[in-house]
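Student:
2 protein chains.
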Amino acid sequence: MAAEFVVDSHRYAMRTAEFNRESVLRNAMQAFMTYGYNKTSMPKLTEVTGLHPGSIYCAFKNKKGLLLAAIEQYQADRRAHYQQLFENSTSLRCALERFLQDLTNECVADESKKVCLLTKTLNEIGEQDKEIQSALSTHLQQFESLIKQQFLTPWPDSEVMSEEAATNKARFFIMCVYGIRTYSATQCNSAELQALADQTLAASLSP
Amino acid sequence: MAAEFVVDSHRYAMRTAEFNRESVLRNAMQAFMTYGYNKTSMPKLTEVTGLHPGSIYCAFKNKKGLLLAAIEQYQADRRAHYQQLFENSTSLRCALERFLQDLTNECVADESKKVCLLTKTLNEIGEQDKEIQSALSTHLQQFESLIKQQFLTPWPDSEVMSEEAATNKARFFIMCVYGIRTYSATQCNSAELQALADQTLAASLSP
DNA sequence: CCTTTTTTTGAATATACATTCAAGATATGT
DNA sequence: ACATATCTTGAATGTATATTCAAAAAAAGG
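Protein chains in written order, with my numbering: chain A, 880 to 1086; chain B, 880 to 1086.
1) Does DSSP classify B:E966 as helix, strand or coil?
2) Does the Cβ-Cβ distance between A:L1019 and A:L1001 come in under 9 Å?
3) Terminal residues of the continuous alpha helix (DSSP H) containing B:T1079?
4) Cα-Cα, which of B:P932, B:Q1029 and B:L979 is closest to B:S970?
5) Answer yes or no: do B:Y1096 and A:R1050 have a C-beta to C-beta separation smaller than 9 Å?
6) Within a Cβ cutoff of 8 Å, which residues of the same chain sit near B:D1008, ignoring the five residues on either side of it in sequence?
7) Assign A:A1045 to one of three DSSP states: helix, strand, or coil.
8) Could one say the Cβ of B:A1082 lies closer than 9 Å to chain A's Cβ atoms, at least one of them?
9) Is it right to say A:A1044 is buried, meaning 16 or more other beta carbons lie within 10 angstroms of its own, or is it exposed?
10) Between which two residues does the alpha helix (DSSP H) carrying A:H1137 extend?
11) Touching or not, the stretch 895-911 of chain A and the stretch 948-968 of chain A, by the rule of three or more beta carbon pairs under 8 Å?
12) Counting only beta-carbon separations shorter than 9 Å, does A:C1055 have a partner in chain B?
13) Would you report the Cα separation of B:L1015 and A:G1005, rounded to the nearest angstrom?
14) Any contact between the stretch 971-978 of chain B and the stretch 1077-1085 of chain B? By contact I mean 3 or more CB pairs, one from each, below 8 Å.
15) Going straight from the alpha carbon of B:T1065 to that of B:T895, what length do you get?
16) Can you tell which of B:N984, B:F965, B:D989 and B:V994 has its C-alpha closest to the C-alpha of B:W1034?
17) Apart from the five residues just before and just after A:Q954, which ones in its own chain have a Cβ nearer than 6 Å to its Cβ?
18) Would you call the CB atoms of A:M921 and B:C1055 closer than 9 Å?
19) Expressed to the nearest angstrom, what Euclidean distance is found between the alpha-carbon atoms of B:Y961 and B:S968?
20) Would you say A:F1030 faces chain B, with C-beta separation under 9 Å as the test?
21) Kindly say whether A:T925, judged by its beta-carbon, lies nearer than 9 Å to any beta-carbon of chain B.
22) Between B:G929 and B:V903, is the Cβ-Cβ spacing less than 9 Å?
23) Suppose you measure from the CA of A:K1048 to the CA of A:K1027; what does that come to, to the nearest Å?
24) Could you tell me how far apart the beta carbons of A:A1003 and A:Y916 are, in whole angstroms, since I believe they sit closer than 8 Å?
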């Protein structure tokens, strides 16, 4: 954040912000996931981020700006998480299995882990704010692309797949992921979620 | 709502409420589906129901009471809708096809039609209110039962299915329905939704 | 038409909230 | 140590909101 300014041939360096941006955004995102956007009040956000209202408005413009920044951070974190998850996969089945195992683990964990910031926010305020809606749609499509790449990867011992087939299969898979997340909001029985994941895997691998 | 009271051996009849309860609840439910619970303000509710604040508080106790009553009405309406939809089905495939066709039609319709009041409310405030959460979970499980009955129905030309198999298949089917609804919040392309419905049908019918 | 109690009315209340702002604190180059 | 602009602070502001309440209107049997 450091920048320069010059006055009367004197160069001064601007003061840099004190807080850790990533840490602030991760705390804010957790609050948004736990309570939802509307029920995460500014007092709550000052509490969890450790920033005073003025600092939040200085750094992120307003509450919505903080949400958008938290969404970006969420996306970056998730992308890194999945790239690590998919590393050294040996087959399509292996990659999808890892993804689903990770998903069901999250769904039986605490409230902030079992929800997806993107779909939760889309559900709550997507219709009311086109800027947020388009940011969320873009990010969700990136996840779909990530899955599509797994279907298109030329794994040993598997046939190649057409671009269109991969698009369809990735879309269906992501749809199932949305479904499992929603289902876990009503019933978070581990065995039931496992059964749903198994059926999702079978349906996604069948030709 | 008519009741009796007696004073000095004179019998009086209580005044009956003027508004149409079902109509009020359907208007309220549509507002909740369009804007979500938090963003449906009391001024908005007085506008769409035609009732003044005092009347709402007299009839439903408070805003949450109105939501709970709207949820009951939604459930009753939906149950009737699906019973009609399933009438005269000739096969499991036929019944599920009708359900999915109805679903995709709703998903490309206007905002209040494409969402499910139960899942939307669960997503938004389920975690914050155990009474609402349990009402929603109960209702959602009733829908799952409705689908399970279709799997258990002894259709001509189809094998019987175990209770457990029907439970699993109904759960997976409902999970897909949740997924399609969430997916349609990002992309409401009719062809894509149709493709997802087709894959859901195929996965649900495969043994 | 009178009596009684409920429903209806809508202004008033109290609270919660997002946002602003001006004063004070801090970092950095000279 | 000084100068400068930014960051930080947190109380103040204005708005939006759910809820209450007391007065007025209405229903219905006598």
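Note that the Cβ used here is the ideal one computed from N, Cα and C, for glycine as well.
Tutor: Working from what's here:
1) Position 87 of the second sequence, counted from the first residue, corresponds to residue 966 of chain B. In this structure, DSSP gives B:E966 a state outside helix and strand, which the three-state scheme calls coil.
2) Sequence index remark: in the first sequence, residue 1019 of chain A carries index 140 (1-based). Sequence index remark: in the first sequence, residue 1001 of chain A carries index 122 (1-based). For A:L1019 and A:L1001, yes; Cβs fall inside 9 Å.
3) Sequence index remark: in the second sequence, residue 1079 of chain B carries index 200 (1-based). For B:T1079, the enclosing alpha helix (DSSP H) stretches over residues S1069 to L1084.
4) Taking the second sequence and counting its residues from 1, one reaches residue 970 of chain B at position 91. If we check each option's Cα against that of B:S970, B:Q1029 comes out closest.
5) No answer is possible for residue 1096 of chain B: it lies beyond the span of chain B, which begins at 880 and ends at 1086.
6) Position 129 of the second sequence, counted from the start, is the residue given in the question as residue 1008 of chain B. Taking B:D1008 as the centre and dropping the five residues before and after it, the same chain places the C-beta of K943 closer than 8 Å to its C-beta, in chain order.
7) Walking along the first sequence from the start, residue 1045 of chain A turns up at place 166. Helix at A:A1045.
8) Numbered from 1 along the second sequence, position 203 holds the residue referred to as residue 1082 of chain B. Cβ-Cβ to chain A under 9 Å: yes for B:A1082.
9) For the purposes of this step, residue 1044 of chain A is identified with residue 165 of the first sequence, where counting begins at 1. Using a 10 angstroms sphere on the CB of A:A1044, the tally of other CB atoms stays under 16, which defines it as exposed.
10) Because chain A in this structure spans residues 880 to 1086, residue 1137 of chain A falls outside the shown range and cannot be described.
11) With the cut-off at 8 Å, the stretch 895-911 of chain A and the stretch 948-968 of chain A touch.
12) Within the first sequence, residue 1055 of chain A is the residue found at index 176, counting from 1. Yes, A:C1055 lies at the interface with chain B (some Cβ there is under 9 Å from its Cβ).
13) Reading the second sequence from its first residue, position 136 is the one you call residue 1015 of chain B. Reading the first sequence from its first residue, position 126 is the one you call residue 1005 of chain A. Rounded to whole angstroms, B:L1015 to A:G1005 spans 22 Å at the Cα level.
14) A contact exists between the stretch 971-978 of chain B and the stretch 1077-1085 of chain B.
15) Position 186 of the second sequence holds residue 1065 of chain B. Position 16 of the second sequence holds residue 895 of chain B. Taking the straight line from one Cα to the other gives about 46 Å.
16) On the second sequence, position 155 is the one that residue 1034 of chain B refers to. Measuring from the Cα of B:W1034, the nearest candidate turns out to be B:F965.
17) On the first sequence, position 75 is the one that residue 954 of chain A refers to. These residues qualify, in order along the chain: H1018.
18) Within the first sequence, residue 921 of chain A is the residue found at index 42, counting from 1. Within the second sequence, residue 1055 of chain B is the residue found at index 176, counting from 1. Not in contact: A:M921 and B:C1055 (Cβ atoms no closer than 9 Å).
19) As a first step, residue 961 of chain B must be located in the second sequence, where it is residue number 82. As a first step, residue 968 of chain B must be located in the second sequence, where it is residue number 89. Cα-Cα distance, rounded: 12 Å.
20) As a first step, residue 1030 of chain A must be located in the first sequence, where it is residue number 151. No, A:F1030 lies away from the interface with chain B (no Cβ there is under 9 Å from its Cβ).
21) Counting from one through the first sequence, the residue named residue 925 of chain A turns up at place 46. Answer no: the Cβ-Cβ gap between A:T925 and chain B never drops below 9 Å.
22) Here residue 929 of chain B refers to the residue found at position 50 when the second sequence is read from its first residue. Here residue 903 of chain B refers to the residue found at position 24 when the second sequence is read from its first residue. Against a cut-off of 9 Å, the Cβ pair of B:V903 and B:G929 comes out as a contact.
23) Stepping through the first sequence from its first residue, residue 1048 of chain A is reached at position 169. Stepping through the first sequence from its first residue, residue 1027 of chain A is reached at position 148. Going by C-alpha positions, A:K1048 is about 8 Å away from A:K1027.
24) Here residue 1003 of chain A corresponds to residue number 124 of the first sequence, with the count starting at 1. Here residue 916 of chain A corresponds to residue number 37 of the first sequence, with the count starting at 1. It is Glu, not Ala, that sits at residue 1003 of chain A in the sequence shown. Your pair A:E1003 and A:Y916 checks out as a contact, with CB atoms roughly 6 Å apart and the cut at 8 Å.
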